[in-house]
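Each residue of the sequence shown is one higher than the one before, starting from 4 at the first, in this note's numbering. Don't be surprised by glycine CBs; every beta carbon is placed ideally from N, CA and C. For reference, the structure discussed in these notes is given below.
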Amino acid sequence: MGNSGNLRLSRVLLGVTAGIAAYKAAELSRLLIKQGHQVQVVMTPGAKNFVHELTFQSITGSQVRHMLFDPAHEAAMGHIELARWAEFVLIAPASADFIAKLYAGMADTLLHTLCLAVQAPIAIAPAMNRNMWANPAVQHNIMGLQQRGMTIWGPAVGDQACGDVGPGRMLEPLELSQRLKDYCHSSTGGSFIGRKVLVTAGPTYEPLDPVRFIGNRSSGKMGFAIAQALSDEGADTVLIAGPVNLMTPQGCQRINVQTARQMYDAVMEHIQDIDVFIGCAAVADYRPEMMLANKIKKGDAEMQITLVKNPDILQSVAALPKRPFCVGFAAETENLEEYAKAKLRAKNIDMIAANQVGEDQGFESDENALLVFWLEGEKQLSKQTKSTLAKQLVELVSEQLNKD
Ligand SMILES: Cc1cc2nc3c(=O)[nH]c(=O)nc-3n(C[C@H](O)[C@H](O)[C@H](O)COP(=O)(O)O)c2cc1C
């Protein structure tokens, strides 16, 4: 399996046939890779007239296959090996000709042969002129494939390359990649399908002057792991991140901010329709009263900086009239349980995950342990990697959410 987290259908065979929309399959292959799949492209011989195999090879990093009678690959029955490898087959674009031969059970190209040999699910994204699509022969073939359990994605209605307008366009690559993602989640039973979540992560930097700031040691790793775990469970995930040097979790919309007030504004801008809010960022409680326009010069032996309070993001979200399920984090160096329970009550939130900050645990570390409290219960999540911990926390949130 690749690095797709819970997208358990990792190995995708992308079949490309000879239609104008073949050029869009290049973008589709890129999106599938970005989504965490391993992608192997197989083209019909005709498809090579529309897009060069080098394009796919460069994007996927794998040699494109198109020849059935390929002495190099067939020494070890390459077509059967490929059929066994695939966990999902997506034909995009699927030409009328390809669909007809698939329905007839023909096997005169590598792609057709694979479709007969494969045990994985097959989805077809038809793309053709609207009159071709409306032709009873094409409709008959499509319905037949559907009856055999194949999934038909599209076509879309709109402008066509030939100048016509109507049904027949291939669904856009983004739409197809989203369909595959939804398919993966529904087949693996993602517990956050249809839910919108917002996660904050990382530190905030509160500027003193153009070169200095007051920050903290949060690495953002826990919040990023939570965003990934939620996305893997099918959540529509927005991640608002302070200044950290981390890859955006797959499938998440990321918004970068620097200061607590920017984070507050970004959260408030995106909080509408959010079902779950997880405030994992280490937001500065205070900021310098003002940021000086020029670098502060060394002067007296002492210097005073006046700090003023930042808005409390978690409390503000929890106080909204139509508020989401709210989860807070408490990083403490002492009296963990007492402080965490007090924060749960004071901020009127639904759940709090408390972690003891110490050596090899908490900030900057790859591992952590959490003590999670909600109104009627608590659970100790023992020390482990932040990604495993995130999955367990997400499971707890899901349990509590589904109680309501
Ligand atoms: C310029 C051009 C564009 C074509 N576009 C399409 C198309 O969008 N959809 C389609 O079903 N056939 C289209 N065709 C016809 C197919 O390329 C043809 O039926 C071919 O045999 C399909 O081969 P394949 O299914 O093995 O890839 C087009 C043909 C040409 C010459």
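State yes or no: is the C-beta of residue i within less than 8 Å of the C-beta of residue j?
{"i": "Met-265", "j": "Thr-240", "result": "With the sequence shown as reference, residue 265 is identified as Gln, and Met is not the correct amino acid for it. No, Cβ-Cβ distance for Gln-265 and Thr-240 is not below 8 Å."}
{"i": "Asp-162", "j": "Asn-297", "result": "no"}
{"i": "Leu-404", "j": "Phe-328", "result": "yes"}
{"i": "Ser-401", "j": "Ser-194", "result": "yes"}
{"i": "Gln-43", "j": "Ser-13", "result": "no"}
{"i": "Ile-62", "j": "Ile-36", "result": "yes"}
{"i": "Ala-284", "j": "Thr-207", "result": "yes"}
{"i": "Asn-138", "j": "Asp-167", "result": "no"}
{"i": "Thr-262", "j": "Glu-209", "result": "yes"}
{"i": "Gly-32", "j": "Phe-59", "result": "The question names Gly, yet the displayed sequence has Ser at residue 32. In contact: Ser-32 and Phe-59 (Cβ atoms closer than 8 Å)."}
{"i": "Gly-205", "j": "Pro-246", "result": "yes"}
{"i": "Val-375", "j": "Lys-386", "result": "no"}
{"i": "Gly-226", "j": "Val-200", "result": "no"}
{"i": "Asn-313", "j": "Arg-348", "result": "no"}
{"i": "Ala-287", "j": "Ile-217", "result": "yes"}
{"i": "Lys-346", "j": "Gly-331", "result": "yes"}
{"i": "Gly-171", "j": "Ala-128", "result": "no"}
What does the alpha-carbon distance come out to for the pair residue i and residue j?
{"i": "Arg-151", "j": "Gln-395", "result": "38 Å"}
{"i": "Asp-315", "j": "Ser-180", "result": "37 Å"}
{"i": "Cys-187", "j": "Ala-321", "result": "33 Å"}
{"i": "Leu-310", "j": "Ile-355", "result": "27 Å"}
{"i": "Gly-380", "j": "Gly-254", "result": "32 Å"}
{"i": "Val-1", "j": "Leu-119", "result": "Because the chain here runs from 4 to 407, residue 1 falls outside it and cannot be looked at."}
{"i": "Leu-174", "j": "Thr-116", "result": "25 Å"}
{"i": "Asp-73", "j": "Ile-83", "result": "13 Å"}
{"i": "Ala-110", "j": "Val-141", "result": "18 Å"}
{"i": "Gln-231", "j": "Leu-392", "result": "12 Å"}
{"i": "His-69", "j": "Ile-102", "result": "17 Å"}
{"i": "Met-46", "j": "Leu-114", "result": "7 Å"}
{"i": "Val-15", "j": "Asn-351", "result": "45 Å"}
{"i": "Ala-159", "j": "Gly-108", "result": "26 Å"}
{"i": "Gly-169", "j": "Leu-105", "result": "24 Å"}
{"i": "Ile-229", "j": "Pro-48", "result": "44 Å"}
{"i": "Ile-155", "j": "Trp-136", "result": "13 Å"}
{"i": "Gly-8", "j": "Lys-301", "result": "Since pLDDT at Gly-8 reaches only 43, below the 50 mark, its modelled position is unreliable, and no value is offered."}
{"i": "Asn-6", "j": "Gly-64", "result": "Caution is warranted here: a pLDDT of 36 is assigned to Asn-6, below 50, making its placement in the model unreliable, and the coordinate value is therefore given only provisionally. Each residue's alpha carbon lies about 15 Å from the other."}
{"i": "Gly-192", "j": "Ile-125", "result": "19 Å"}
{"i": "Lys-406", "j": "Val-270", "result": "26 Å"}
{"i": "Met-4", "j": "Glu-90", "result": "A caution first: Met-4 carries a pLDDT of 31, below 50, which makes its placement in the model too unreliable to give a value."}
{"i": "Ala-24", "j": "His-55", "result": "13 Å"}
{"i": "Val-279", "j": "Asn-358", "result": "20 Å"}
{"i": "Leu-399", "j": "Arg-182", "result": "27 Å"}
{"i": "Leu-17", "j": "Ala-29", "result": "10 Å"}
{"i": "Leu-317", "j": "Gly-22", "result": "52 Å"}
{"i": "Val-260", "j": "Asp-268", "result": "10 Å"}
{"i": "Lys-389", "j": "Gly-197", "result": "25 Å"}
{"i": "Leu-339", "j": "Asp-353", "result": "18 Å"}
{"i": "Arg-397", "j": "Glu-178", "result": "Correcting the residue identity first, residue 397 is Val in this sequence and not Arg. Val-397 and Glu-178: Cα-Cα distance of roughly 27 Å."}
{"i": "Asp-276", "j": "Gln-38", "result": "24 Å"}
{"i": "Leu-373", "j": "Val-360", "result": "10 Å"}
{"i": "Lys-224", "j": "Gly-237", "result": "20 Å"}
{"i": "Ile-258", "j": "Glu-305", "result": "38 Å"}
Using only the heavy atoms of ligand 1, determine whether one of them is closer than 7 Å to the beta carbon of residue i.
{"i": "Ile-23", "result": "yes"}
{"i": "Met-135", "result": "yes"}
{"i": "Ala-50", "result": "yes"}
{"i": "Ala-287", "result": "no"}
{"i": "Thr-116", "result": "no"}
{"i": "Phe-489", "result": "Outside the displayed span of the chain (4 to 407) sits residue 489, for which this structure offers no information."}
{"i": "Ser-190", "result": "no"}
{"i": "Ala-130", "result": "yes"}
{"i": "Phe-101", "result": "yes"}
{"i": "Ser-319", "result": "no"}
{"i": "Ser-98", "result": "yes"}
{"i": "Thr-112", "result": "yes"}
{"i": "Thr-20", "result": "yes"}
{"i": "Thr-388", "result": "no"}
{"i": "Thr-47", "result": "yes"}
Could you please give me the residues that DSSP links to residue i through a beta bridge?
{"i": "Tyr-289", "result": "Lys-312"}
{"i": "Gly-152", "result": "Gly-152 pairs with nothing; no bridge assigned."}
{"i": "Val-67", "result": "Answer is none; Val-67 lacks a bridge partner."}
{"i": "Pro-206", "result": "Ala-285"}
{"i": "Ala-159", "result": "Arg-172"}
{"i": "Asn-358", "result": "Ala-334"}
{"i": "Phe-280", "result": "Leu-201, Cys-329"}
{"i": "Arg-257", "result": "Leu-242"}
At a Cβ threshold of 8 Å, is residue i touching chain B?
{"i": "Leu-317", "result": "Among the protein chains of the structure shown there is no chain B, as only one such chain exists."}
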